[in-house]
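Comments concern the structure below.
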Amino acid sequence: MAQRPYVGRLAPSPTGDLHQGIARTFLAAWLDARAHAGRLLLRIEDLDGPRTVEGAAERIEEDLAWLGLDWDGRSPAQSTRDKAYGRAVEALGARTYPCTCTRREVWAASAPHADGDEAPRYPELCRPSTPGKNGSLHPERPAALRFRTEPGEQVAVRDRRRGDRVDDVHAHPGDFVLRRRDGLWAYQLAVTVDDLESGVSCVVRGEDLWDSAPRQALLRRLLAPEAQPLEWLHLPLALGEDGARLSKRNGARPIREERAQGVSAAELRGRLAAELGLWPHAEPAELDALVEAWRIKLRG
Ligand code: GLU
Ligand code: ZN
């Protein structure tokens, strides 16, 4: 268990209504913070302006409150954090470089090694041989900003469920984007800066983000060498009937739909807690009892 003060966060992306898959992860994050007598912050991750749905943040907050999940303060919404992200990129200095490659150029330069839908390792077309120089191939185009990984640089991540991992980020995934060509800040940079500045110490989130933890840990170390590493808990994702991550596409039901049909908050909590392996048979669950169940799980 963490020795330092526990500060966690709920970090919804306001791209639609809260559904049971995300609600389950949020319930776990809330329980973990409460079982540690910690603080929990709410952060609206409206980084991606074009994907942000008008009013979704307010609706998510309302659904969380209905479920009984409260928070102790806020970490500012990402759409207000332009200056902070700009400062971070400046602080990274020669560890960044402009990249003018299009997606098509990256794929073309990576074939035939790249396969599937996963983005290939960036083939370093614009990476300057001398750090800090501009090596972009098409200086007339708008540039993305990439992080310059270094060979042999090891990053350790400690996760309470998945265990420890040590990554060579240069080998995988290679130089990654901090700011896109269209000017949007990359998720990797934004969450790292936000977690640092709001004093987050423990992150509970879905396992889909497990592979981005090493990049975030590396940025954190460079931006704040004195800060303690984050403690992570990546949880299995709720799956849809097709076996893919549960989302609107494969049948995730918005919490408000359940509410409208008369499902009570205690019933829904019981169902989510049963999915987390915390609670028998999806019976209605009061929050106090769930916190106690989570505590027992922590001790075990
Ligand atoms: N906003 C992200 C999501 O909703 C979570 C980011 C994180 O927890 O680091 O999937
Ligand atoms: Zn490039």
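Residue numbers (our numbering): -1 to 298. Idealized CB from N, CA, C, for every residue including glycine. Please read all numbers here as calculations on a predicted model, not as lab measurements.
Check whether the Cβ of ARG21 sits closer than 7 Å to any heavy atom of the ligand GLU, and report yes or no.
Arg is not the amino acid found at residue 21; the sequence shown has Ala there. Not under cutoff, so the answer is no.
Closer than 7 Å: LEU143 CB and nearest the ligand ZN heavy atom
no
Residue(s) in a DSSP beta bridge with THR94:
PHE145
Closest by CA to GLY249, which one among GLY275, ALA236, GLU122?
Measuring C-alpha to C-alpha distances from GLY249 to each of GLY275, ALA236, GLU122 identifies ALA236 as the nearest.
Pairs of beta-carbons, one from the stretch 31 to 45 and one from the stretch 63 to 71, closer than 8 Å: are there three or more?
yes
Spell out the partners DSSP gives PHE174 in its beta bridges.
PHE145
Tell me which residues share the same chain as GLU148 and place their Cβ nearer than 7 Å to its Cβ, disregarding the 5 neighbours each side in the sequence.
HIS168
In chain order, what residues of the same chain have a beta carbon less than 7 Å from the beta carbon of ASP240, not counting five sequence neighbours either side?
ASN248
Return the CA-CA distance between ALA21 and LEU45, expressed in angstroms with no decimal places.
20 Å
Tell me whether PRO121 is buried or exposed, calling it buried when 16 or more other Cβ atoms sit within 10 Å of its Cβ.
Buried, because 16 or more other Cβ atoms sit within 10 Å of the Cβ of PRO121.
Mind checking whether the beta-carbon of ARG98 lies closer than 7 Å to any heavy atom of the ligand ZN?
What sits at residue 98 in the sequence shown is Thr, not Arg. Correct: THR98 has its Cβ closer than 7 Å to the ligand ZN.
Ignoring anything shorter than 3 residues, give me the beta strand (DSSP E) runs that lie fully in the stretch 9 to 77, in order along the chain.
If you keep only unbroken beta strand (DSSP E) runs of at least 3 residues inside the stretch 9 to 77, you get 37 to 40.
Keeping to the same chain, check which residues put their C-beta closer than 6 Å to that of ARG49; ignore five residues upstream and five downstream.
Sequence-distant partners of ARG49 (beyond 5 residues in either direction) whose C-beta falls short of 6 Å from its own C-beta, in its chain, are THR13.
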